[in-house]
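In terms of the numbering used here, the sequence shown opens at residue 5 and continues consecutively. We put the beta carbon where it would ideally sit given N, CA and C, even for glycine. Quick caveat: nothing in here was measured; it's all calculated off a predicted structure. A short write-up of the structure that comes next.
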Amino acid sequence: MYVFIKEKDTQKTFIDEKKIKENLSSNLNPDSEKIRNILQKSLDKQRLDPDEVATLLNAKDEKQWEEIFEAARTLKEKVYGNRIVLFAPLYIGNDCINDCEYCGFRISNKEVVRKTLSFEKLKEEVKALVSKGHKRLIVVYGEHPKYSPEFIAKTIDIIYNTKHGNGEIRRVNVNAAPQTVEGYKIIKEVGIGTYQIFQETYHYPTYKKLHPRGPKSNFAWRLYGLDRAMLAGIDDVGIGALFGLYDWKFEVMGLIYHTLHLEERFGVGPHTISFPRIEPAVGTPIAERPPYQVSDEDFKKLVAVLRLAVPYTGLILTAREPADLRREVLKLGVSQIDAGSSIGVGSYSETDPEVIRKSQFILGDTRTLDEVIYELLKEEYIPSFCTACYRAGRTGEHFMEFAIPGFVKRFCTPNALFTLNEYLNDYASEKTYKEGKKVLQKEIEKLDEKQKKIVLDGLERINKGDRDVRL
Ligand code: SAM
Ligand code: SF4
């Protein structure tokens with residue numbers, strides 16, 4: 005297996021451009037019967053094969069797409085229910101030795117202000133986030149020798165140890181450069197959640213063109229980055245593609261082949277899949293007009309197909325997307341969103357508009373956490389800050405939610421309600437508080453007697469002042 009694959013051997017990876025193009029071109033114009041059989045397979049909770057995914061991607065008319073959307077909505081409801089997990093990104097530093105043409109942080113961009121949080125400033129950022137009610141973060145770093153595994157581990161350690169009022173950060177996920185196995189082990193030591201690496205594009209010629217220098221120019225080093233994370237014992241890994249760099253259907257197929265590879269090699273697929281679209285960034289012309297811009301309509305299609313193709317995985321939708329579109333896409337199977345996000349380095353504890361303007365890219369959804377929670381409640385979702393599984397050693401929880409009958413009922417729903425109640429008591433605005441308590445009541449009514457008792461006990465403990473109540 006190519007863990008330390010040489011650049012010249014890149015064509016031997018699990019991404020075979022010819023094969024993907026063949027999958028897509030040999031499943032054109034599918035009839036509705038064939039599509040329905042595939043949808044049934046995913047509703048039976050089975051992962052789809054590449055030819056089946058290509059068939060869905062080639063659905064030819066609105067009626068077929070409506071059936072695909074409907075199946076994605078049903079699958080989400082049937083397996084995961086109405087919980088949405090909330091998190092925030094925290095940018096630690098934007099120095100970078102790579103030159104990714106679409107990114108505001110690339111080395112050749114003279115317009116961005118370079119900054120790395122001091123440990124003191126990091127604590128302020130964490131306190132600002134905790135004071136809004138956040139419990140889960142994704143920490144983000146440019147790729148630079150100063151962001152060594154030791155540095156990354158130290159910053160995460162500081163985050164976990166910064167308590168503020170009634171709260172603290174309970175799960176830190178990481179989005180940073182691919183590491184060596186040894187590097188991952190150092191980072192794993194401090195207790196991380198998911199390690200995310202986006203391949204950006206699975207199309208090798210496009211990748212080479214857009215990553216002209218720096219360590220990221222090695223396609224295979226990045227492609228096998230999460231293999232090394234797994235070898236280092238990090239069980240939860242997140243894959244992703246940056247949509248807009250190449251044909252979106254090809255990228256969806258790339259994500260599927262990446263999933264298959266992880267399943268084959270480690271017996272478990274990715275914990276999450278991300279599908280960011282390119283957003284404008286200061287000093288970055290290509291981000292203003294991406295070469296393969298994905299329309300909102302196609303974006304919905306790709307989310308629905310990913311949901312159906314890998315039914316066991318978490319899907320992450322970010323605040324890069326505008327609020328209206330987020331509302332629609334949530335229903336198609338998204339399980340996590342960020343909210344109240346700010347992506348300037350230091351921008352949670354400081355509100356200089358220049359810092360925000362000069363961040364990595366420009367956000368589409370700038371609502372506060374409280375506004376997002378209010379809206380989720382209005383639409384009868386349960387906003388959740390749950391971090392219970394990973395802290396109880398139940399890694400791969402998304403897989404368990406999917407695979408173990410009764411798991412959601414036994415763990416996820418009660419824990420979501422507990423963390424929502426904490427949020428309402430400690431951080432919510434008056435109107436969110438009222439709406440939230442109504443939703444709690446409604447959700448309690450849906451439980452059987454045994455669960456009702458467990459949940460009522462937990463909620464009562466929280467109302468009396470206990471925190472971090474979890475099953
Ligand atoms: N430097 C590390 C790396 O490249 O893997 C991690 C941090 S990087 C800032 C995180 C992700 O941001 C990238 O993987 C890329 O997909 C995304 N990104 C870069 N430029 C973007 C843009 N203009 N719009 C949206 N997302 C972007
Ligand atoms: Fe650096 Fe990551 Fe931006 Fe590329 S995407 S320039 S590696 S921060």
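Check whether residue i and residue j have beta carbons under 9 angstroms apart
i, j, result
"Ile-88", "Ile-386", "yes"
"Asn-179", "Gln-200", "yes"
"Tyr-431", "Ser-135", "yes"
"Leu-321", "Arg-311", "no"
"Thr-391", "Thr-423", "yes"
"Ala-63", "Met-257", "no"
"Leu-336", "Ala-308", "yes"
"His-215", "Asp-99", "no"
"Tyr-95", "Val-144", "yes"
"Asn-425", "Gly-440", "yes"
"Asn-27", "Asp-55", "yes"
"Trp-252", "Leu-334", "no"
"Lys-49", "Pro-315", "yes"
"Ser-36", "Glu-71", "yes"
"Asp-239", "Thr-276", "no"
"Tyr-261", "His-207", "no"
"Thr-370", "Ala-313", "no"
Distance cut-off 8 angstroms: residue i Cβ against heavy atoms of ligand 1
i, result
"Lys-220", "yes"
"Phe-202", "yes"
"Ile-282", "yes"
"Leu-246", "yes"
"Asn-179", "yes"
"Tyr-145", "yes"
"Tyr-106", "yes"
"Cys-100", "yes"
"Arg-324", "yes"
"Thr-184", "no"
"Ala-308", "no"
"Ala-285", "yes"
"Ala-92", "no"
"Ala-224", "no"
"Ala-233", "no"
Proximity test, residue i beta-carbon vs ligand 2 heavy atom, cut-off 8 angstroms
i, result
"Phe-123", "no"
"Phe-109", "yes"
"Gly-273", "no"
"Asp-103", "yes"
Same chain only: Cβ atoms within 8 angstroms of residue i, ignoring 5 sequence neighbours per side
i, result
"Lys-131", "Thr-166, His-168, Ser-353"
"Tyr-6", "Since pLDDT at Tyr-6 reaches only 39, below the 50 mark, its modelled position is unreliable, and the value read off the structure follows with that caveat. So the list reads Asp-13, Lys-16, Thr-17, Ala-224, Tyr-228, once near-sequence residues are dropped."
"Thr-159", "Ile-96, Leu-121, Phe-123, Leu-126, Val-143"
Closest by C-alpha distance to residue i, when choosing among the options
i, options, result
"Ala-181", "Pro-153, Val-412, Thr-159, His-138", "Pro-153"
"Ile-347", "Asp-35, Leu-121, Arg-51", "Leu-121"
"Glu-186", "Pro-209, Phe-223, Ala-233", "Ala-233"
"Pro-34", "Gly-337, Lys-139, Pro-294, Asp-65", "Asp-65"
"Thr-317", "Leu-380, Gly-244, Pro-295", "Gly-244"
"Leu-421", "Pro-409, Arg-398, Val-473", "Val-473"
"Thr-205", "Asp-20, Val-117, Gln-455", "Asp-20"
"Asp-300", "Gly-273, Asp-328, Ala-285", "Asp-328"
"Glu-172", "Arg-281, Lys-80, Leu-133", "Leu-133"
"Gly-146", "Ile-448, Gly-97, His-207", "Gly-97"
"Ser-278", "Leu-319, Gln-297, Glu-332, Lys-80", "Leu-319"
"Val-443", "Gly-397, Val-459, Glu-384", "Glu-384"
"Lys-435", "Phe-415, Lys-382, Ile-458, Ile-448", "Lys-382"
"Gly-137", "Ile-162, Leu-428, Trp-69, Leu-463", "Leu-428"
"Pro-294", "Asp-374, Thr-210, Leu-259, Gly-273", "Thr-210"
Residues near residue i in its chain [Cβ-Cβ closer than 7 angstroms; skip 5 each side]
i, result
"Lys-468", "none"
"Phe-8", "Residue placement at Phe-8 is flagged as unreliable, the pLDDT there being 47, under the threshold of 50; the coordinate-derived value follows with that caveat. The answer is none, since no qualifying residue turns up."
"Ser-345", "Ala-92, Pro-93, Ala-323, Leu-367"
"Lys-38", "Thr-59"
"Ile-190", "Pro-153, Glu-154, Ala-157"
Any non-hydrogen atom of ligand 4 within 8 angstroms of residue i CB
i, result
"Ala-157", "No copy of ligand 4 appears in this structure; the ligands present are ligand 1 and ligand 2."
Cβ neighbours of residue i in the same chain (closer than 6 angstroms, five flanking residues each side left out)
i, result
"Val-83", "Phe-406"
"Val-376", "Ala-343"
"Asn-177", "Ile-142, Gly-197, Thr-198"
"Asp-461", "none"
"Lys-220", "Asn-102"
"Lys-22", "none"
"Ala-76", "Ala-308, Arg-311, Leu-312, Leu-336, Gly-337"
"Leu-235", "Val-185"
For this session: Go through the segment 245 to 301 residue by residue and report every complete run of the alpha helix (DSSP H) that reaches 4 residues or more, in order.
Result: 252 to 270, 289 to 292
For this session: Could you tell me which uninterrupted beta strand (DSSP E) segments, each at least 3 residues in length, are contained entirely in the segment 141 to 217, listed from first to last along the chain?
Result: 175 to 179
Exercise. Where are the alpha helix (DSSP H) runs, 4 residues long or more, that stay fully inside the segment 399 to 475, in chain order?
Worked result: 401 to 407, 417 to 430, 434 to 449, 453 to 467
For this session: Jot down the residue ranges of each uninterrupted beta strand (DSSP E) in the segment 39 to 108, minimum 3 residues, whole runs only, in chain order.
Result: 87 to 97
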